[in-house]
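For the numbering used here, count along the sequence shown from 1 and bump the result up by 32. Reviewing the structure listed below.
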Amino acid sequence: VIIGAGTWLAFVGKELAEITGWGQSFVGSLFIAFTTTLPEITVSFSALRLGAVDLCVANMIGSNLFNMMIIGIDDLFYTEGPILAAVSQNHVFTALMVILMTAIFIAGLVSRPQSKTPLKASWYSLVLIGIFFLGAYINFVI
33 VIIGAGTWLA FVGKELAEIT GWGQSFVGSL FIAFTTTLPE ITVSFSALRL
83 GAVDLCVANM IGSNLFNMMI IGIDDLFYTE GPILAAVSQN HVFTALMVIL
133 MTAIFIAGLV SRPQSKTPLK ASWYSLVLIG IFFLGAYINF VI
């Protein structure tokens, strides 16, 4: 079921990019990424409800770690040369956003904020959310 759904999702993403003219980089980094992240979101929220905060955070950073490793596996199966040589340079921007957001996450982890803002979120959470939406917008226009 998962292999079939994943294959179908890749097809739908490619079609969506072609029909809308949004580009595969934008559709993949926003819509497909959100769809494939739904299981992680579910596990994270469930872990929070159980009071398993470390499990929640480990799920998200572990998922990111695993996803980056998949690029290496994809390269093994891509037969037309190095996979990173074949993709759009738009991914450089997305990768920089990932690096920036990871740095902010690490800063929050190291600084260990003791309080939240009036918006009921820590400073780093608000910055992460803001960078995500700003990055999505910039990714859309480039």
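We treat Cβ as the ideally placed atom computed from N, Cα and C, and that holds for glycine. If you're wondering where the values come from, they're calculated on a predicted model, not measured in any experiment.
- Counting C-beta atoms within 10 angstroms of its own C-beta, Phe43 has fewer than 16 neighbours from the protein chains shown and is therefore classed as exposed.
- A buried status is given to Ile64, since no fewer than 16 other beta-carbon atoms sit within 10 Å of its beta-carbon.
- In the DSSP assignment, Ser143 falls within the unbroken alpha helix (DSSP H) covering Asn122 to Ser143.
- Between Ser57 and Ser157, the C-beta gap is not smaller than 8 Å, which leaves the two residues out of contact.
- For Ile115, the enclosing alpha helix (DSSP H) stretches over residues Ile115 to Ala118.
- In this structure Val59 is buried. Its beta-carbon is surrounded by 16 or more other beta-carbon atoms within 10 angstroms.
- Contact between Asn91 and Val75 is confirmed by a C-beta separation of about 5 Å, below the 8 Å threshold.
- Pairing Phe125 with Ile174 gives a Cβ-Cβ distance under 8 Å.
- Around the beta carbon of Ser61, a 10 Å sphere encloses 16 or more other beta carbons of the protein chains shown; the residue is thus reported as buried.
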